[in-house]
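The numbers in full-length UniProt numbering rise by one with no breaks, and the one at position 233 of the sequence shown is 233. Each residue gets a CB set at the ideal place from its N, CA and C atoms; glycine is no exception. To keep things clear, I will list the structure first and then write my remarks on it.
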Amino acid sequence: MRQDMTTFARRFLALAAVTACCTMGVAHADEPQADSDWKISVGPGMYVFPKFPGSSQLQVLPFPVQDISWKERVFSQGPDVLGVNVLHGENYHLGMSVSFDFQSRSSSDDARLKGLPDVHYGPKLRLFGDYTWWAFTGAVAAYQDIAGTGQGLTAMADLFVSAPIGNWLISMGPGLTWANATYTQTLFGITPQESAASGLPRYDTGSGLRDIHLNVNATYKISPHWSANVAVVAGRLERYAAGSPITERRLDLNGMASVLYRF
């Protein structure tokens, strides 16, 4: 169980970080392992996330969910399109991945955004580490924009407690997100020129705490091959994100539901 809960927690952290999407590990510790270096699970998923960071409106995005790994070394899991565990053991992982997120903003998202520049989503370089002791997992991750979208650098720290209950695996715990000045200026700042174009007041930002959040995840094992998962991250925007004229509400909700088939 220890290894599955560590992977489970690492992917749960992805949901909090990208704000838009995630994939969760499924507990298979009580199942016989196939004699193969490959582990493959795929299925339909649905993501729920704010229309733009700070928005009071949610949007739904149908999206395929994948959980593919080779020798516990190379993996493709949800938003982590391609990653590698540089160091890993029974209860820890250290690695990197190329991760996609859907944080973006368009002037067509809300009338209040007219005159503000669009912010596009793109790939980010993710560095991560996690360690599990008994039912507790601590996880950290940093995301660096590598596509020139202006989304800078964010970093997260999360603590999870996980417990199997019958066919269920339940995991929950608190976390926080830090963002650098580039990120906060792009998504929450307003320059004098943007103020003149939009009518919103000028708003200068800096680096600091972006949010505090609570992670809740439930995975149900339907059969040896099928599983269902629901995950929610409920956050509260802080500092520059909370005070921005762009922000409509501080409550930051993100969720995911999926059904996976394990080959």
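List the residues that DSSP assigns as beta-bridge partners of residue i.
i    : result
G45  : F63, S258
W178 : A155, L209
V233 : N215, N254
T137 : T132, F160
G95  : N85, F128
L169 : P164, T219
I68  : I40, S76
F100 : P123
K50  : Per the sequence shown, residue 50 should be read as Pro rather than Lys. Per DSSP, L58.
Report all residues from its chain with a CB closer than 8 Å to the CB of residue i; omit the five preceding and five following residues, and keep chain order.
i   : result
V81 : S97, V98, S99, F100, P123
So, for residue i: in the same chain, excluding its five sequence neighbours on each side, which residues have a beta-carbon less than 6 Å away from its beta-carbon?
i    : result
P245 : L200, P201, Y203
K51  : Q57, Q59, D109
A136 : The displayed chain sequence assigns Phe, not Ala, to residue 136. Only V161 meet the Cβ criterion.
R105 : F52, V119
L140 : Going by the sequence as given, residue 140 is Val instead of Leu. Counting only Cβ-Cβ distances below 6 Å, and skipping sequence neighbours, we find G129, A157.
H213 : A16, G175, V233, G235
Just reading off the alpha helix (DSSP H) that residue i is part of, what are its end residues?
i    : result
Q185 : 181-188
Q193 : 192-198
R239 : 239-243
Would you check if the distance between the CB atom of residue i and the CB atom of residue j is smaller than 7 Å?
i    : j    : result
K71  : D37  : yes
T247 : D211 : no
V42  : G255 : no
G173 : N215 : yes
L169 : T219 : yes
R239 : L209 : yes
On the premise that residue j lies in contact with residue i, defined as a C-beta separation below 8 Å, what is that separation, rounded to the nearest angstrom?
i    : j   : result
P102 : L61 : With the sequence shown as reference, residue 102 is identified as Phe, and Pro is not the correct amino acid for it. Yes, F102 and L61 are in contact; Cβ-Cβ is about 7 Å, under 8 Å.
T132 : N91 : 4 Å
L253 : G54 : That belief does not hold up - the Cβ atoms of L253 and G54 are roughly 12 Å apart, past 8 Å.
So, for residue i: in the same chain, excluding its five sequence neighbours on each side, which residues have a beta-carbon less than 7 Å away from its beta-carbon?
i   : result
D30 : Low confidence applies to D30: its pLDDT is 44, below 50, so where it sits in the model is not reliable, and the reading given next is rough at best. Closer than 7 Å at the Cβ level, and outside the excluded window around D30, lies no residue.
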